[in-house]
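>
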Amino acid sequence: MSGRNQFLITIKKLCMVIKKLLTYNIATIMFGALFVYMIVTVILYSTSSHVTSYQVTVGPLTKNPVCTALAIREEQIVPAGASGYVEYYAREGMQVRKNGSVYAITNTRKEVKSVELSEEQLEKMRSNMANFSYGFSGSDFYDAYSFKYELQGSILQAAGIMEQGSADSKGEADTDEETGALVGEEVGSMVALGRQSVYTAPEAGIVVYSTDGYESLTTENITEEAFNEKSYKKTDLLTSKEIAAGDPVYKVITSENWTLMVPLTDKLAATLSGRESIKVKFTKDGESQNGSLSIVQIGNQKAARIQLKNGMPRYASDRFLEVELVINTQSGLKIPVSSVVEKEFYTIPRNFLAQGDNGEGKGFIREVDGKSSSVTEFVDAVIYKEVNSKGQEIGWGEEEDTSGYCYVDKETFEEGDVLKKPDSSETYTVKETDKLQGVYGMNKGYAVFRQINILDQNEEYCIVSQGTSYGLQAFDYIVLDGESVKEEEILH
């Protein structure tokens, strides 16, 4: 009995040890298993190869260069016809006809009156100020003064101080009862009206109330120093003080034909060489226009001479303009050159293509190995590209043309497979191959070949067309280094 009791005691102690292990160490065991899992995961991650991705974007190959252009116009400074105080009848940037009223000279200072604008006029002023603020650059502070003159003229016009009407039905000149301004009649260089003398424009054109010393500048006498913006100064001619006869009172721009002179680097000059025209986009308001282009040498500086025939009034008060030279017009999907790879495909005549069951899908009829040639099977095929007999890709509506070849993934067939033409005894042995350019997409977590059609490229990037069969779409993720992976490889 003692031996039996000893055995039972031993069993009881063993059960107690097992119970103690299960009771007190289950949390430790679970934590240990989780810790081991984390260590294995870190080791696998640190020892596996990592693939860098690139997100496909849409745009041009490179950004268009943005330059500062010097505007040259046909400008004439008009001196004051007499001494006295000036009353302005034409606003800044206004188109006036020849002999149209521009300003008047009086012997007494005009009493300043408060101006009340309508809500619609105020909203227009706010919109103009918001647009100016959006495009303002601190490096071009003189633009603030240009805008100030333009805003003053707009307020005067909105308040009715600068308006010109039309002659009455009798053809006689009317006068404004408040300002005494001539309204609607073409007059000579000066017309006396009460205590003031009204002066008119010597030529038709755009009125500008500032000078900067560039008025006599032409494309023939321009010098290299003219491009120096730091030394540029503009003088405001709008004043409430008394002026002397012969003082500049305004200037008139007499032609809408104008020229932009753009200093160029040697590299940009070489890029533009050979062009006879160019599209210019003005960053001030986003407007664009085309002009004739020529490259000229001014001292040691190469410059683009861009001749324009319209749009000048919008920038009449600006001497220096920030412009974008639109030279990169080719746009598409932008990808790195390092992503591009080549893949080999079987080229099979397009007239061997067959429709699948119920007319769905495309594929080929293959003879079954080791059996009679009458025993065949239909093989679904992934066709990456179809070309005609001239090697041009088959476009929309050209499917009826059965000439040419289609590019089929090599995983679909083996070399030597025999294909049968539908409704014919003619056969074709699979063997001919060709290569297509593409990239490896990684949206699905593994490498998938995507065909590309390169439109343009430089050393770093290339532009590929959109809508290519089995091609790319905007915002797809692709492998940055295409040679670092293989097709269907799991990507980390």
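Be aware that the sequence shown starts at -4, since it is given in my numbering, and climbs by one per residue.
Each residue gets a CB set at the ideal place from its N, CA and C atoms; glycine is no exception.
#1: Quick check on the burial criterion: 16 or more other C-beta atoms within 10 angstroms. Buried or exposed for A442?
#2: Using C-beta distances below 6 Å, list every residue in its chain close to K426, excluding the 5 sequence neighbours before and after it, in chain order.
#3: How long is the line joining the alpha carbons of D375 and E339, rounded to whole angstroms?
#4: Considering only C-alpha positions, which residue in the set T52, T5, L39, Y32 is nearest to Y472?
#5: Just grab the DSSP bridge partners of T428 for me.
#6: Taking the straight line between their C-alpha atoms, what separation do you get for C10 and M25?
#7: Just verifying my parser: in three-state terms, what is the DSSP assignment at Q325?
#8: Among the candidates V244, N346, S289, K8, whose CA atom is the shortest distance from the CA of S78?
#9: Considering only their Cβ atoms, is the gap separating T214 from T254 smaller than 8 Å?
#10: Indicate the three-state DSSP secondary structure (helix, strand or coil) for A99 in the structure shown.
#11: Helix, strand or coil, according to DSSP, for N0 in the structure here?
#12: Can you list, in chain order, the residues of its chain with a C-beta nearer than 7 Å to that of E219? Leave out the 5 residues immediately preceding and following it.
#13: With DSSP as the reference, label Y441 as helix, strand or coil.
#14: Can you tell me where the alpha helix (DSSP H) holding L263 begins and where it ends?
#15: State the beta-bridge partners of Y32 as determined by DSSP.
#16: Beta-carbon separation of E483 and V336 under 8 Å?
#17: Looking only at its chain, what residues have a beta carbon closer than 7 Å to the beta carbon of K415, apart from the 5 residues adjacent to it on each side?
#18: So, with DSSP's three-state summary, where would you put D163?
#19: Measure the CB-CB distance between G200 and T249 and report whether it falls below 8 Å.
#20: Starting from the Cα of A311, find the closest Cα among Y80, V203, N123, D451 and give me that residue.
#21: Out of V37, E87, K405, S419, which one is the CA nearest neighbour of L232?
#22: I need the DSSP call for S272, collapsed to helix, strand or coil.
Taking the coordinates as given:
#1: Start at 1 with the first residue of the sequence shown, and residue 442 comes out as number 447. A442 comes out buried.
#2: For the purposes of this step, residue 426 is taken as the residue at position 431 of the sequence shown. These residues qualify, in order along the chain: E410.
#3: On the sequence shown, position 380 is the one that residue 375 refers to. On the sequence shown, position 344 is the one that residue 339 refers to. Between the alpha carbons of D375 and E339 lies a distance of about 19 Å.
#4: On the sequence shown, residue 472 is found 477 positions in, with the first residue counted as 1. Taking only the C-alpha atoms, the option nearest Y472 is T52.
#5: Reading the sequence shown from its first residue, position 433 is the one you call residue 428. Beta-bridge pairing links T428 to Y341.
#6: The residue given as residue 10 occupies position 15 in the sequence shown. The residue given as residue 25 occupies position 30 in the sequence shown. Each residue's alpha carbon lies about 22 Å from the other.
#7: In the sequence shown, counting from the first residue as 1, residue 325 sits at position 330. Coil at Q325, not helix or strand.
#8: Along the sequence shown, one-based indexing puts residue 78 at 83. Closest option to S78, Cα to Cα, is V244.
#9: To locate residue 254, count along the sequence shown from 1; it is residue 259. To locate residue 214, count along the sequence shown from 1; it is residue 219. Their beta carbons are under 8 Å apart, which means T254 touches T214 by this criterion.
#10: The count along the sequence shown starts at 1 and reaches residue 99 at position 104. Strand at A99.
#11: Position 5 of the sequence shown, counted from the start, is the residue given in the question as residue 0. It is helical.
#12: Here the question's residue 219 lines up with position 224 in the sequence shown. These residues qualify, in order along the chain: I293, G294, N295, Q296.
#13: Taking the first residue of the sequence shown as position 1, residue 441 is located at position 446. In the structure shown, Y441 sits in a strand (DSSP, three-state: E or B).
#14: What you label residue 263 is simply residue 268 of the sequence shown in a count that begins at 1. Counting along the chain, the alpha helix (DSSP H) containing L263 begins and ends at 261 to 267.
#15: Translated into positions along the sequence shown, residue 32 becomes position 37. According to DSSP, which records beta bridges pairwise, Y32 is partnered with nothing at all.
#16: Taking the first residue of the sequence shown as position 1, residue 483 is located at position 488. Taking the first residue of the sequence shown as position 1, residue 336 is located at position 341. Judged by beta-carbon spacing, V336 lies beyond the 8 Å limit of E483, meaning their Cβ atoms are not closer than that value.
#17: Translated into positions along the sequence shown, residue 415 becomes position 420. So the qualifying residues of the chain are I360, E362, T371, T422.
#18: Along the sequence shown, one-based indexing puts residue 163 at 168. The predicted position of D163 is uncertain, since its pLDDT is 32 and thus under 50; a value taken from the coordinates is nonetheless stated next. The answer is coil: DSSP assigns D163 none of H, G, I, E or B.
#19: As a position in the sequence shown, residue 200 is number 205, starting the count at 1. As a position in the sequence shown, residue 249 is number 254, starting the count at 1. Yes; because the gap between Cβ atoms is below 8 Å, this pair is in contact.
#20: Taking the first residue of the sequence shown as position 1, residue 311 is located at position 316. By alpha-carbon distance to A311, the top candidate from Y80, V203, N123, D451 is V203.
#21: The count along the sequence shown starts at 1 and reaches residue 232 at position 237. The option with the nearest alpha carbon to L232 is E87.
#22: What you label residue 272 is simply residue 277 of the sequence shown in a count that begins at 1. Three-state DSSP puts S272 in a strand.
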